Amino acid sequence: MGVYVNLRCRSCGTSLTGGYVRDYSAIGEPFVECRSCGTANSHAHKCTEWALMGSFRKACLLVRAALSVLFYAIAIFMLFVVIIVGMKDMDVGPGGFVVAAAAALLISFIYRVRQIRRLIRQSNERMGNPAYQMKLRLLGMAR
Ligand SMILES: [Zn+2]
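Using my numbering, the first residue of the sequence shown is number 34, and each one after it goes up by one.
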């Protein structure tokens with residue numbers, strides 16, 4: 034499942050992703066420096082700084098994050114179900130499954146919120162660096 038991409042250096046063709054990786058879309062530096070020739074390659078269409086994103090892109094990112102919260106919550110819940118079913122001695126009843134579902138959702142939600150907050154904080158820290166801003170301007174990635 035998922036789309037796999039192999040990003041290559043536009044100057045020398047060396048793989049920037051080290052082969053095929055899952056298609057990504059994230060908060061981070063909008064360029065990747067080639068390990069082989071040092072060319073800065075833009076991947077701003079996939080990954081860029083939070084402050085450089087338009088509100089539509091930010092919204093899309095948050096919607097995808099919400100979907101992944103659900104996806105991981107389901108996976109965690111399944112794990113809980115296996116554990117509950119495995120505890121034959123204890124009768125948890127239907128309430129146990131409700132608690133397990135709520136806990137799974139909470140764990141998944143907190144994990145994702147913390148991750149996104151960390152990525153945004155790190156992004157804003159980078160953007161607070163004048164040398165980094167100058168580099169982005171020289172690359173034509175920021176005003
Ligand atoms: Zn290169």
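The beta-carbon is built from N, C-alpha and C at its ideal position, and this holds for glycine as well.
As the structure is a computational prediction, the values presented were derived from the model and not from experiment.
Return yes when the C-beta of residue i is under 7 Å from any heavy atom of ligand 1, and no when it is not.
i	result
Ser-75	no
Ser-48	no
Cys-93	no
Thr-81	no
Ser-69	yes
Quick one: what's residue i bridged to in DSSP?
i	result
Val-54	Val-38
Ile-60	Thr-81
Ser-48	Arg-41
Buried or exposed, going by whether 16 or more other CB atoms sit within 10 Å of the CB of residue i?
i	result
Pro-63	buried
Met-34	Annotation note: pLDDT 48 at Met-34 (below 50); position unreliable, coordinate value reported separately. Label assigned to Met-34: exposed.
Ile-143	exposed
Ile-109	buried
Glu-82	buried
Ser-156	buried
Ser-44	exposed
Ser-88	exposed
Nearest to residue i by alpha carbon, out of the options?
i	options	result
Cys-67	Leu-103, Gly-173, Gly-51	Gly-51
Cys-70	Arg-41, Val-118, Ala-136, Met-160	Arg-41
Leu-49	Leu-138, Thr-72, Gly-61	Thr-72
Val-54	Gln-148, Pro-127, Ile-140, Asn-39	Asn-39
Return the chain-ordered ranges of every beta strand (DSSP E) run that is complete within the region 62 to 114 and spans a minimum of 3 residues.
-> DSSP runs (the beta strand (DSSP E)) wholly in the region 62 to 114: 64 to 66, 73 to 75.
Could I get the ranges of all uninterrupted alpha helix (DSSP H) runs contained in the region 127 to 168, with 4 residues as the minimum, in chain order?
-> Those alpha helix (DSSP H) runs which fall completely within the region 127 to 168 and span 4+ residues do not exist here.
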